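Participant:
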Amino acid sequence: MRKFGIIEKALYLCAGASLEGLKQCPESEHRKYGFIGSIILLTSLFAMLSGGYALFYIFHSELYAALFAFLWGMFI
């Protein structure tokens, strides 16, 4: 039985994979779900950066920009 590291767990959960199910799968499935999770995480990160910058550019408020960036990233 393979143990997952904290980063692997986070990526698998971002991809929507079941950790118990992945323990029974071959290593190729682990890589696939890790890649899917990293793409989803990067999409959310870029959404946070672009949304925060857009709101800061419009309203010149760091607080509103940071709050919107966090909410927008979680929504994506």
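Just so you know, we're using full-length UniProt numbering here: the sequence shown kicks off at 1 and counts up by one.
For glycine and all other residues, C-beta sits at the position ideal for the given N, C-alpha and C.
Bear in mind the structure is a predicted one, so any value in this text is a computation, not a measurement.
Given a threshold of 16 other Cβ atoms within 10 Å of its Cβ, counted over all protein chains shown, does Tyr12 qualify as buried or as exposed?
Facilitator: Classification for Tyr12: buried.
Participant: Alpha carbons only, please: which of Ile7, Gly34, Arg2 is nearest the one belonging to Glu20?
Facilitator: The residue with the shortest Cα to Cα distance from Glu20 is Arg2.
Participant: Could you give the DSSP three-state label for Ala15: helix, strand or coil?
Facilitator: Ala15 falls in the helix class under three-state DSSP.
Participant: Quick one: Cα of Gly5 to Cα of Leu22, how far?
Facilitator: So the two alpha carbons sit approximately 13 Å from each other.
Participant: In this structure, how does DSSP classify Phe70 when only helix, strand and coil are distinguished?
Facilitator: Looking at Phe70 - three-state DSSP - the assignment turns out to be helix.
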